[in-house]
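Colleague: Here you go, one structure.
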Amino acid sequence: MSSYKIAVLPGDGTGPEVIAEGVKVLEAAGSTFGFTLDMSNYDFGGDRYLRTGEVLPDSAVDELRSVDAIYLGAIGHPDVKPGVLEKGILLKLRFELDQYINLRPVKLYPNVETPIKDKGPEDIDFVVVRENTAGLYTGIGGISRKGTPHEVAIQQMVYTRDEVERCLRYAFEYTRRRNKTNTLTLCGKTNVLTYVYDLWERAFHEIGESDYPDVKRDYAHVDAITMWMVKNPEWFDVIVTGNMFGDIITDLGAMVQGGMGIAAGGNINPHGTSMFEPIGGSAPKYTGQGVINPLACICAGQMMLDHLGETEAAAKVESAVIGFLSEGTLKGLGADHIREAGLSTSKIGDAVAERITAG
Ligand code: IPM
Ligand code: MN
Numbered sequence: 015m016s017s018y019k020i021a022v023l024p025g026d027g028t029g030p031e032v033i034a035e036g037v038k039v040l041e042a043a044g045s046t047f048g049f050t051l052d053m054s055n056y057d058f059g060g061d062r063y064l065r066t067g068e069v070l071p072d073s074a075v076d077e078l079r080s081v082d083a084i085y086l087g088a089i090g091h092p093d094v095k096p097g098v099l100e101k102g103i104l105l106k107l108r109f110e111l112d113q114y115i116n117l118r119p120v121k122l123y124p125n126v127e128t129p130i131k132d133k134g135p136e137d138i139d140f141v142v143v144r145e146n147t148a149g150l151y152t153g154i155g156g157i158s159r160k161g162t163p164h165e166v167a168i169q170q171m172v173y174t175r176d177e178v179e180r181c182l183r184y185a186f187e188y189t190r191r192r193n194k195t196n197t198l199t200l201c202g203k204t205n206v207l208t209y210v211y212d213l214w215e216r217a218f219h220e221i222g223e224s225d226y227p228d229v230k231r232d233y234a235h236v237d238a239i240t241m242w243m244v245k246n247p248e249w250f251d252v253i254v255t256g257n258m259f260g261d262i263i264t265d266l267g268a269m270v271q272g273g274m275g276i277a278a279g280g281n282i283n284p285h286g287t288s289m290f291e292p293i294g295g296s297a298p299k300y301t302g303q304g305v306i307n308p309l310a311c312i313c314a315g316q317m318m319l320d321h322l323g324e325t326e327a328a329a330k331v332e333s334a335v336i337g338f339l340s341e342g343t344l345k346g347l348g349a350d351h352i353r354e355a356g357l358s359t360s361k362i363g364d365a366v367a368e369r370i371t372a373g
């Protein structure tokens, strides 16, 4: 029987509530499909930081390096200065574990309301491959003459050819494997960012032409892609882009697919330890109320199972989610409005888990 070592980081705010439901569903999948998940909890987050001053020690990073996957709830605490936990935990793990891909599917499930008029599940089904460890996120830059009228602030968008290339290769491979319309769209800004996106564009066509001639290549500027994601989401199969643009367009993507309550992502190191998380934040003001939709976290768990090679179990989790939504309890509502549907965080977790164990 296969067994996987999973590090669970529930994190802050409503993170622990949604993680509890995700774990419930993963356990149901394990017992149904005959694998075990050896899960250890880590309490890194705002409360621990406020108590001990510790954010994420290097020893913990090394421990996390050795697990099969990491399952993360949410990071962000109202009493901690913005940036401390985000950089100290989330970004530190992405960087240290070299999770250079952020994979974010944008898929509208049946009976989930999208704000996009006249579009349904057949129109909204694409994936964003966001570069996850470089670009504007490297922290290279600085401030001088601080506090004076002549203050200078610089934040550099940094990319090396191999950082760009490994991300593009992943995206081409992923597009092939996904096998939908076999189209990869590069999202850039070649009309203004004439250094960085020139590099991306050249690498995109060179690699595409030599190694992936079967994958159709398309290009869109980042500002234009936000229009088309709203106007014609059906045009997209896989979109690949740099870190900052990827951050921005995937929040738009989350709304297009019905809200943060359903949007999941994976921070992937194809040769190391990957980390799966709902895209939404810790929503601290809703802590303890059971009003956050755990489907995003459950779908992150599904991506984790898929990544671990438990593809049948992953497919079952997805069909259980779809089955639950097909009952229509969220009909006419976005994924973030479970209270209006008379649902709660744990009721949704139970409903999905039951569908899995029911076979
Ligand atoms: C995300 C988040 C993070 C990011 C923040 C919390 C650092 O917005 O995962 O998209 O910018 O990548
Ligand atoms: Mn973001």
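If you count by the working numbering, then the sequence shown holds residues 15 to 373, one letter each, in order.
Cβ atoms here follow ideal geometry from the backbone N, Cα and C, with glycine treated the same way.
Because the structure is a prediction, the values reported are computed rather than measured.
Is the segment 56-68 in contact with the segment 91-99, if contact means three or more CB pairs nearer than 8 Å?
Modeller: The segment 56-68 vs the segment 91-99: in contact.
Colleague: DSSP on residue 297, reduced to helix/strand/coil?
Modeller: If DSSP states are grouped into helix, strand and coil, residue 297 belongs with coil.
Colleague: Under a three-way DSSP split, which group does residue 337 fall into?
Modeller: Three-state DSSP puts residue 337 in a helix.
Colleague: Under three-state DSSP, which class holds residue 145?
Modeller: Residue 145: strand per DSSP, three-state reduction.
Colleague: Any heavy atom of the ligand MN closer than 7 Å to the beta-carbon of residue 26?
Modeller: Because no heavy atom of the ligand MN lies under 7 Å away, the Cβ of residue 26 does not count as near it: no.
Colleague: Tell me whether residue 64 is buried or exposed, calling it buried when 16 or more other Cβ atoms sit within 10 Å of its Cβ.
Modeller: Answer is exposed; the Cβ neighbour count stays below 16.
Colleague: Starting from residue 189, follow the alpha helix (DSSP H) in both directions and report where the run begins and ends.
Modeller: Counting along the chain, the alpha helix (DSSP H) containing residue 189 begins and ends at 175-192.
Colleague: Going by alpha carbons, who is nearest to residue 119 out of 228, 348 and 139?
Modeller: Closest option to residue 119, Cα to Cα, is 139.
Colleague: Enumerated in chain order, which unbroken segments of the beta strand (DSSP E) with a length of 3 residues or greater are wholly contained in the segment 61-98?
Modeller: Listed in chain order, they are 83-88.
Colleague: Short of 7 Å in beta carbon distance, which residues of its chain neighbour residue 16, apart from the five on each side in sequence? Order them along the chain.
Modeller: Only 49 meet the Cβ criterion.
Colleague: For residue 286 versus residue 104, is the C-beta spacing smaller than 8 Å?
Modeller: In this structure, residue 104 does not lie closer than 8 Å to residue 286 by Cβ.
Colleague: Flag this pair as touching only if the segment 320-333 and the segment 345-360 have three or more C-beta atom pairs under 8 Å; answer yes or no.
Modeller: Taking 8 Å as the limit for Cβ pairs, the verdict is that the segment 345-360 does not touch the segment 320-333.
Colleague: Go ahead and label residue 281 buried or exposed: buried means 16 or more other beta carbons lie within 10 angstroms of its beta carbon, across all protein chains shown.
Modeller: Result: buried.
Colleague: Buried or exposed, going by whether 16 or more other CB atoms sit within 10 Å of the CB of residue 91?
Modeller: Buried.
Colleague: Let's see if you can read the secondary structure: which residues bound the alpha helix (DSSP H) around residue 349?
Modeller: From DSSP, residue 349 is part of no alpha helix (DSSP H); its letter is neither H nor E.
Colleague: Along the chain, where does the alpha helix (DSSP H) containing residue 219 start, and where does it finish?
Modeller: It spans 210-225 - the alpha helix (DSSP H) in which residue 219 sits, taken as one unbroken run.
Colleague: Hey, out of 247, 220, 216 and 329, whose CA is closest to residue 47's CA?
Modeller: Of the candidates 247, 220, 216 and 329, the one whose C-alpha sits nearest the C-alpha of residue 47 is 329.
Colleague: Check whether the Cβ of residue 105 sits closer than 7 Å to any heavy atom of the ligand IPM, and report yes or no.
Modeller: Flag set: Cβ of residue 105 near the ligand IPM.
Colleague: Can you tell me whether DSSP reads residue 247 as helix, strand or coil?
Modeller: Note: residue 247 maps to helix in three-state DSSP.
Colleague: Taking DSSP's pairing of strands, which residues face residue 117 in a bridge?
Modeller: Paired residues: 143 and 280.
Colleague: Determine the direct distance from the alpha carbon of residue 204 to that of residue 235, and round the result to whole angstroms.
Modeller: Each residue's alpha carbon lies about 7 Å from the other.
Colleague: Leaving out the 5 sequence neighbours to the left and right, which residues in its chain are closer than 8 Å to residue 227 when beta-carbon positions are compared?
Modeller: Nothing meets the Cβ criterion.
Colleague: If you follow the beta strand (DSSP E) that residue 156 is in, where does it begin and where does it stop?
Modeller: It spans 155-158 - the beta strand (DSSP E) in which residue 156 sits, taken as one unbroken run.
Colleague: Would residue 147 pass as a contact of residue 113 if the rule is Cβ separation under 8 Å?
Modeller: Yes; because the gap between Cβ atoms is below 8 Å, this pair is in contact.
Colleague: Taking Cβ positions, are residue 215 and residue 200 nearer each other than 8 Å?
Modeller: Result yes, Cβ atoms of residue 215 and residue 200 sit closer than 8 Å.
Colleague: Would you say residue 35 and residue 362 are within 8 Å of each other, going by their C-beta atoms?
Modeller: Yes, they are a contact pair.
Colleague: Comparing C-alpha positions only, which one of 339, 313 and 358 sits nearest to residue 303?
Modeller: Checking every option, the nearest Cα to that of residue 303 belongs to 358.
Colleague: I need the boundaries of the beta strand (DSSP E) containing residue 4, first residue and last residue.
Modeller: The structure shown does not extend to residue 4, since the chain spans only 15 to 373, so no value can be given for it.
Colleague: Can you give me the C-alpha to C-alpha distance between residue 274 and residue 294, rounded to a whole angstrom?
Modeller: Those two C-alpha atoms are separated by around 5 Å.
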